[in-house]
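Protein chains: 2
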Amino acid sequence: MADITSEGPSEHLGATGHSLPAASDDRPSSLVDLIGYIELFYFAYRDFTCDPDAILAQYGFGRAHHRVLHFVHRIPGLKVAELLDILKITKQSLARVLKQLVDEGFIIQKAGNEDRRERRLYLSAKGARLNDKLTQIQAKRIEGALANLGPGADALARNFLFGMITEKNRPQVETLIKGQRADTSEAVPDCNT
Amino acid sequence: MADITSEGPSEHLGATGHSLPAASDDRPSSLVDLIGYIELFYFAYRDFTCDPDAILAQYGFGRAHHRVLHFVHRIPGLKVAELLDILKITKQSLARVLKQLVDEGFIIQKAGNEDRRERRLYLSAKGARLNDKLTQIQAKRIEGALANLGPGADALARNFLFGMITEKNRPQVETLIKGQRADTSEAVPDCNT
DNA sequence: ACGTTATGTCAGCCATGTTGACTTATTGGC
DNA sequence: GCCAATAAGTCAACATGGCTGACATAACGT
Chain H
5 MADITSEGPS
15 EHLGATGHSL
25 PAASDDRPSS
35 LVDLIGYIEL
45 FYFAYRDFTC
55 DPDAILAQYG
65 FGRAHHRVLH
75 FVHRIPGLKV
85 AELLDILKIT
95 KQSLARVLKQ
105 LVDEGFIIQK
115 AGNEDRRERR
125 LYLSAKGARL
135 NDKLTQIQAK
145 RIEGALANLG
155 PGADALARNF
165 LFGMITEKNR
175 PQVETLIKGQ
185 RADTSEAVPD
195 CNT
Chain W
5 MADITSEGPS
15 EHLGATGHSL
25 PAASDDRPSS
35 LVDLIGYIEL
45 FYFAYRDFTC
55 DPDAILAQYG
65 FGRAHHRVLH
75 FVHRIPGLKV
85 AELLDILKIT
95 KQSLARVLKQ
105 LVDEGFIIQK
115 AGNEDRRERR
125 LYLSAKGARL
135 NDKLTQIQAK
145 RIEGALANLG
155 PGADALARNF
165 LFGMITEKNR
175 PQVETLIKGQ
185 RADTSEAVPD
195 CNT
């Protein structure tokens, strides 16, 4: 299969004007029907992240900084260990960007009240301002994408994305989405299985 | 807004069992309602890419190799310049991974028939086999995500992702999704605007 | 007092993106 | 047939953000 002399994929994603056609009718979606998703997901994510990237670059920051800002905003008083569990990166990777954000006054660290070893993380006003900018530009893109779809699209799009997440990670994400601290015990550490 | 002393986000994404709730009813989706998408998109993309990453690692390859394999499979005889237009990376970045793929026999280069300066790219049988593995594992995840949603979910999910793509890039992606060579003239070069 | 825990830090590696400059082969127009 | 333009390859150098393993410090709890 997939002979190099083949003439290329022959799915008939006919050009029905402006909307993308789904997998043809009622046939179970074949592998070849789903290839488009791989591309759509890639291009969508690339454009989704490029808006904030452009803003962050003005501050000398990158995507990694964005993630830290985002989750600290989401869960004020987040502990470093919790952030590591969410991002699933190493202490060292986090330390690099976190130090910058703290040094430049975007994030504030406070020792925990009950356990003073903990460094609880908070956004400063400056950090909140930057994060708001990033959130707004991404929200605008999402709104635009939803606007052209019917009602019910919101719930369905959320559930589609949620279903793309590895099953064991879903409880953690679901909790996180509510802005709550997540129990990470079941989430997969590396990749899957 | 977003005071550091705030108690955190207070959206009521109530836990309605297993499915994620959409933005509450009919109110226009507020900024805070859309934050969940940012997280869902991040986690979904992370898990989506981790399956192929694990396989690629066995070959000493990375995500960049995957993209090359994918698009060469999609459009056999792709020119290097076309690939650069699709991936929007620099010649140097592409050269590194492409050279590896060619040297190790996953991709075959043939001078163009009409213009022998062109290097048309094709998958070898070996390359096709690897690409199939990667496609299949990702297709399985997509199928799983769609399976739990109603009919019509396929079209809607595709259109949602398509809508997330920067408008100027959509014609290129639409053409690509059909497995055709894309006219890239309107697509945005760097990021947006 | 001591082992555990939370965090920070050091040195160094890898993948993949970037730039600018230069080479080579080939084409197509004159 | 000459020559500018084009397709591609290549070199050196750099940035970001992952990774590892090892070790330091401070605070907690028994």
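In order, the protein sequence lines correspond to chains H and W. Going from the first sequence to our numbering is simple: count from 1 and add 4. Going from the second sequence to our numbering is simple: count from 1 and add 4. Backbone N, C-alpha and C fix where the C-beta goes; we use that ideal spot for every residue, glycine too. In this text the structure is predicted, and so the values were computed from the model without any measurement.
In chain order, Ile39, Ile42, Glu43 and Tyr46 make up the part of chain W whose C-beta sits under 9 Å from the C-beta of H/His74. For H/Leu125, the uninterrupted beta strand (DSSP E) segment begins and ends at Arg123 to Leu127.
In terms of Cβ geometry, H/Leu73 and H/Phe110 form a close pair [threshold 8 Å].
Leaving aside the five residues that flank H/Gly66 on each side, the residues in its chain whose CB is nearer than 7 Å to its CB run, in chain order, Leu60. Assignment of H/Ala48 by DSSP, reduced to helix, strand and coil, places it in the helix class. Residue pairing by DSSP places H/Gln113 opposite H/Leu125 in a beta bridge.
Per DSSP, the continuous alpha helix (DSSP H) segment holding H/Leu98 begins and ends at Lys95 to Asp107. Between H/Tyr49 and W/Phe45, the CB-CB gap stays under 8 Å. Our two residues, W/Asn173 and W/Ala191, have alpha carbons roughly 4 Å apart in a direct line. Contact annotation for H/Ile93 against chain W: no contact, minimum CB-CB distance about 11 Å [criterion: below 7 Å].
According to DSSP, residue pairing for H/Lys83 in a beta bridge involves H/Arg124. Pairwise C-beta distances place the stretch 130–144 of chain W in contact with the stretch 68–83 of chain W, as three or more of them are shorter than 8 Å. Each residue's CA atom was taken as its position, placing W/Arg120 and H/Thr53 some 38 Å apart. Taking 8 Å as the threshold, the shortest C-beta distance from H/Thr188 to chain W does not fall below it. In the assembly as shown, H/Gly183 is a buried residue. Its beta-carbon has 16 or more other beta-carbons within 10 Å. For W/Phe110, none of the residues of chain H pass the 9 Å Cβ criterion, the least Cβ distance being about 11 Å.
Going by beta carbons, H/Leu180 and H/Ile90 fall inside the 8 Å limit.
The Cβ atoms of W/Glu118 and W/Arg185 do not sit closer than 8 Å to each other. Counted as a single uninterrupted DSSP element, the alpha helix (DSSP H) harbouring H/Val76 occupies residues Arg67 to Arg78. Using a CB distance cut-off of 8 Å, H/Leu134 does not count as an interface residue toward chain W. Counting every other CB atom within 10 Å of its CB across the protein chains shown gives W/Gly131 a total of 16 or more, marking it as buried. Residue environment analysis places W/Asp107 among the exposed positions, since fewer than 16 neighbouring C-beta atoms fall within 10 angstroms of its C-beta.
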